[in-house]
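Reading through the C-alpha cells given below for one structure.
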Amino acid sequence: MFNEIQDNNCYKNLLNGKWVTSDSEKTISIKSPIDDKEVGNIQAMTKEEVDIAVLDAKNAYPIWADKSVSERADVIHKAASILEENADEIAEILAKEIAKDIKSAKSEVIRTVDFMRFTADEGKRIQGETLQGDGFHGFSKNKIAFVTREPLGVVLAISPFNYPVNLSASKIAPALMAGNSVVFKPPTQGSISALHLARVFQEAGLPDGVLNTITGKGSEIGDYIITNPNINLINFTGSSEVGKHISEITSMVPMIMELGGKDAAIVLEDAELDHAATNIVKGAFSYSGQRCTALKRVLVLENIADELVELIVEQVSKLQVGNPFDNATITPLINNKAANFVQELIDDALNKNATLKIGNKREKNLLYPTVFDNVTTDMRIAWEEPFGPVLPIIRVKSIDEAVDIANDSEYGLQSSIFTNDIDDAFHIARLLEVGTVQINNKTERGPDHFPFLGVKSSGMGTQGIRYSIEAMSRPKAIVVNLRERSDKVTDK
222 MFNEIQDNNC YKNLLNGKWV TSDSEKTISI KSPIDDKEVG NIQAMTKEEV DIAVLDAKNA
282 YPIWADKSVS ERADVIHKAA SILEENADEI AEILAKEIAK DIKSAKSEVI RTVDFMRFTA
342 DEGKRIQGET LQGDGFHGFS KNKIAFVTRE PLGVVLAISP FNYPVNLSAS KIAPALMAGN
402 SVVFKPPTQG SISALHLARV FQEAGLPDGV LNTITGKGSE IGDYIITNPN INLINFTGSS
462 EVGKHISEIT SMVPMIMELG GKDAAIVLED AELDHAATNI VKGAFSYSGQ RCTALKRVLV
522 LENIADELVE LIVEQVSKLQ VGNPFDNATI TPLINNKAAN FVQELIDDAL NKNATLKIGN
582 KREKNLLYPT VFDNVTTDMR IAWEEPFGPV LPIIRVKSID EAVDIANDSE YGLQSSIFTN
642 DIDDAFHIAR LLEVGTVQIN NKTERGPDHF PFLGVKSSGM GTQGIRYSIE AMSRPKAIVV
702 NLRERSDKVT DK
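Residue numbering for the sequence shown is 222 to 713, as defined by my numbering.
The following block contains the structure:
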C-alpha cells in the first residue's frame, strides 16, 4: 500500500487525495544519522504549492465537518488497524531515519495505534450541554442555551523529528475527530516515517483534501505556512526558540505548543535511592536524551548525594551504546550540529570544574552517556537544554534551595520528586512552576489521556486526548428565548 507514496526512493506529498511531486523539481536528501547513508528523498515544495494544500484543506473541511462523530471515529479506528498491520515496516524506517533504537521505534508505532483508538472512542463521548438562564439578574429563566462543539476549520500540524509518528498522530487524530481538516508539515528529518502515517489515514477512507502534507525546509516555507490566512489553528511541537518566533509572527490564530524543557529531579533524604537512580537514568538517557520530557538535571540533598551519584554512575556504565538495530539505548544524535551543541555544554562544565564521573567520549554524532557531579549554577549545563545524553547533578543544602533552582528557569515542563513523605511531595509539587509533577517516577509524557502541558517557555495550551479534541474545537451556543404565556394552563 506504500508503493504509491514514492518513486525510485523519492517520496511524494499527499495533495487532495493524490501523491504528487513538486513543480520545483527540487528534493531534499534524508540521510540516516546512523551511517550517513541515504534513506530517501522528499519534495521541496514551493510557496504556491503550500497555498494549494491549504486551499484544498479549506474546501474539503465542510465535507468532513458534516460527517457524524461515529463516521469520523470509524475512519480513525480503521487507520489504527492499518497502522498496526504495518508497524514493523514503519518502525524500521523510523529507526533508520532518526536513529531511534528499534525496540523504541516499534513501541512508538504501537503506542500511536492505542492513541488513535482511544481518540476515536473519546471523541464520541464529548458532548454538548444545555443551560438554563435563570439565576442572573436581568435575565429570564425562559432562556435556554444549547451548547455544541464545532470544529475550527483548517489545523496546521507541525511535528518534531524525535517522535515523527506519535507526535504527528497526536495532532492529526484529535483534529480529525473534532471535524477539522489538516495540513500536515512533518519534520524534515522524520518526513519519510510521517508520510507513511499520512498514507495510513488516506487508506482508512479520509475524503480527498481532508489531510494534505507539506514537505520542505522550514527556513524556506515555514513562515509562509504559519502566516497563511486560511489556517485556523497551529499545533506545533519543537524548540522554544521556534515556538516564540511563531507566536511573534502570527496574529489572532489560536495555538497549541509543546516546546522545550529543563526537567529537574529533586531527591530528598528519605527517598529510596535505588528506585530514584533507576528512574533518573531511564528518564535522562532514553533515546539519548532527545526528548522534551527527558530528565535534564538532578537536585539532590547533600547528605545522600555521594550514594546517589554512585548508583547513577553504576547504572549509566551498563547502558548499551551504538547501533539502533542492536537495541542500544544510546544511539547517534540526529546530526552533528546537535552533537556539537552538547559537546559545548560538556566542555563548559569541565572548564568550570564540574566533576566528570563518566562519559565525554564522542564518535562523530554518537556521544557516550555523560554524568557530571558538583555542577554549579554558573555552568551552562545547569540551565540550557542539551537534547543529548548528558546529566548534571547539583548538590543542594535544603528543599527550598532545590525548589528555587528548579523554578529559576525559563522552562516549566515537568519535574520529579523522589521521597517517601507524601506531605513533602505535595508541598514541593505545589511550589514547582511546571505543567506536571511526577512523584517517585521519571518525567514522561502520558498516559496519553492525561493532560500534558508546559508553562513559561515550555508551551501553550493543554494536550492529552480529550483536552486536544476540545482545544481544536470551540463551543457554540444557540439560545432559545421562550415567550411568556399570558394564559394559565389548568387541568380539565
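All C-beta atoms in this analysis are idealised placements derived from N, C-alpha and C, irrespective of residue type, glycine included.
task = Can you have a look at residue 283 and say buried or exposed, based on whether 16 or more other CB atoms are within 10 angstroms of its CB?
result = Within the sequence shown, numbered from 1, the residue matching residue 283 stands at position 62. In summary, residue 283 is exposed, with fewer than 16 beta-carbon neighbours lying within 10 Å of its beta-carbon over all protein chains present.
query = Hey, is the stretch 652 to 666 in contact with the stretch 633 to 640, meaning 3+ C-beta pairs nearer than 8 Å?
reply = Taking a cut-off of 8 Å on C-beta distances, the stretch 652 to 666 touches the stretch 633 to 640, as three or more cross pairs fall below it.
ask   = For residue 706 versus residue 347, is the C-beta spacing smaller than 8 Å?
value = Counting from 1 along the sequence shown, the entry for residue 706 is found at position 485. Counting from 1 along the sequence shown, the entry for residue 347 is found at position 126. If you check the CB distance, residue 706 and residue 347 do not come in under 8 Å.
key: residue 301: first and last residue of the uninterrupted alpha helix (DSSP H) it sits in   = Sequence index remark: in the sequence shown, residue 301 carries index 80 (1-based). Residues 290 to 306.
key: Where residue 517 falls: helix, strand or coil (DSSP)   = As a position in the sequence shown, residue 517 is number 296, starting the count at 1. Strand.
query = If you draw a straight line from the C-alpha of residue 673 to the C-alpha of residue 570, how long is it?
reply = Along the sequence shown, read from residue 1 onward, the residue named residue 673 stands at position 452. Along the sequence shown, read from residue 1 onward, the residue named residue 570 stands at position 349. The alpha-carbon atoms of residue 673 and residue 570 are separated by roughly 32 Å.
task = For the stretch 373 to 380 and the stretch 434 to 454, state whether three or more C-beta atom pairs, one from each stretch, are separated by less than 8 Å.
result = Segments in contact, yes.
request  = Determine the extent of the beta strand (DSSP E) in which residue 335 is found, giving its start and end residues.
outcome  = To locate residue 335, count along the sequence shown from 1; it is residue 114. Segment 323 to 346 is the alpha helix (DSSP H) holding residue 335; no beta strand (DSSP E) there.
request  = Give the secondary structure of residue 634 by DSSP, where H, G and I count as helix, E and B as strand, and everything else as coil.
outcome  = One-based indexing of the sequence shown puts residue 634 at position 413. If DSSP states are grouped into helix, strand and coil, residue 634 belongs with coil.
task = Kindly list the residues whose CB is nearer than 6 Å to the CB of residue 459, restricted to its own chain and excluding five residues on each side of it in sequence; keep chain order.
result = The sequence position of residue 459 within the sequence shown is 238, counting from 1. Only 381 meet the Cβ criterion.
inquiry  = Only counting the same chain, and skipping five residues up and downstream in sequence, which positions put a Cβ closer than 6 Å to that of residue 415?
reply    = On the sequence shown, position 194 is the one that residue 415 refers to. Within the same chain, residue 415 has close Cβ partners 385, 389 and 407.
task = Output the boundary residues of the alpha helix (DSSP H) element that contains residue 533.
result = In the sequence shown, the residue the question calls residue 533 occupies position 312. Counting along the chain, the alpha helix (DSSP H) containing residue 533 begins and ends at 523 to 537.
task = Could you tell me the distance, in whole angstroms, from the CA atom of residue 342 to the CA atom of residue 294?
result = Indexing the sequence shown from 1 puts residue 342 at position 121. Indexing the sequence shown from 1 puts residue 294 at position 73. C-alpha separation (whole angstroms): 7 Å.
query = How would you label residue 647, buried or exposed, when you count the other beta carbons within 10 angstroms and need 16 or more for buried?
reply = Walking along the sequence shown from the start, residue 647 turns up at place 426. With fewer than 16 neighbouring CB atoms inside 10 Å of its own CB, residue 647 falls in the exposed class.
request  = Would you mind listing the alpha helix (DSSP H) stretches within the stretch 545 to 625 that are 4+ residues and don't spill past its ends, in chain order?
outcome  = DSSP runs (the alpha helix (DSSP H)) wholly in the stretch 545 to 625: 557 to 572.
ask   = Who are the near neighbours of residue 556 in its chain, counting only those whose CB is closer than 7 Å to its CB and skipping five residues on each side?
value = On the sequence shown, residue 556 is found 335 positions in, with the first residue counted as 1. Correct list, in chain order: 254 and 586.
query = In terms of residue numbering, what span does the beta strand (DSSP E) encompassing residue 432 cover?
reply = Reading the sequence shown from its first residue, position 211 is the one you call residue 432. DSSP places residue 432 in the uninterrupted beta strand (DSSP E) bounded by 432 to 434.
request  = Compare the beta carbon distance of residue 329 and residue 260 with 8 Å and say whether it is the shorter of the two.
outcome  = Numbered from its first residue, the sequence shown carries residue 329 at position 108. Numbered from its first residue, the sequence shown carries residue 260 at position 39. No; because the gap between Cβ atoms is not below 8 Å, this pair is not in contact.
query = In the structure shown, what three-state DSSP assignment does residue 731 receive?
reply = What the structure shows of the chain is the stretch from 222 to 713, and residue 731 is not part of that stretch, so it cannot be assessed.
ask   = If you check the beta carbons only, do residue 223 and residue 417 fall under 8 Å apart?
value = Position 2 of the sequence shown holds residue 223. Position 196 of the sequence shown holds residue 417. Yes, they are a contact pair.
query = So residue 410 packs on residue 251, CB below 8 Å; how close in whole Å?
reply = For this step, residue 410 is matched to residue 189 along the sequence shown. For this step, residue 251 is matched to residue 30 along the sequence shown. The distance from the Cβ of residue 410 to that of residue 251 is about 6 Å, consistent with a contact at the 8 Å cut-off.
task = Label residue 699 either buried or exposed according to how many other C-beta atoms from any shown protein chain fall within 10 Å of its C-beta, with 16 as the threshold for buried.
result = Reading the sequence shown from its first residue, position 478 is the one you call residue 699. A residue is called buried when at least 16 other Cβ atoms come within 10 angstroms of its Cβ; residue 699 does not meet this threshold and is exposed.
message = Let's test the definition: count the other Cβ atoms within 10 Å of the Cβ of residue 401 and tell me whether it reaches 16, buried, or not, exposed.
response = The residue you call residue 401 lines up with position 180 of the sequence shown. Around the Cβ of residue 401, a 10 Å sphere holds 16 or more other Cβ atoms; the residue is buried.
inquiry  = Going by beta-carbon coordinates alone, are residue 611 and residue 566 separated by less than 8 Å?
reply    = As a working note, residue 611 is residue 390 in the sequence shown. As a working note, residue 566 is residue 345 in the sequence shown. The Cβ-Cβ distance between residue 611 and residue 566 falls below 8 Å.
ask   = For the alpha helix (DSSP H) that contains residue 415, what are its first and last residues?
value = As a first step, residue 415 must be located in the sequence shown, where it is residue number 194. Annotation: the continuous alpha helix (DSSP H) that includes residue 415 extends over 412 to 424.
message = Quick check on the DSSP output: the beta strand (DSSP E) that includes residue 258 runs from which residue to which?
response = By one-based count along the sequence shown, residue 258 stands at place 37. Premise fails: residue 258 is in no beta strand (DSSP E) and is neither H nor E.
key: Contacts around residue 338, its chain only, beta-carbon distance under 7 Å, and the 5 residues preceding and following it disregarded   = Locating residue 338 in the sequence shown gives position 117, counting from the first residue. If you ignore the 5 residues before and after residue 338, its C-beta comes within less than 7 Å of the C-beta of 298 and 301, all in its own chain and listed in chain order.
inquiry  = Just to confirm before moving on: does the CB-CB distance between residue 530 and residue 594 stay below 8 Å?
reply    = The count along the sequence shown starts at 1 and reaches residue 530 at position 309. The count along the sequence shown starts at 1 and reaches residue 594 at position 373. With contacts defined as CB atoms closer than 8 Å, residue 530 and residue 594 qualify as a contacting pair.
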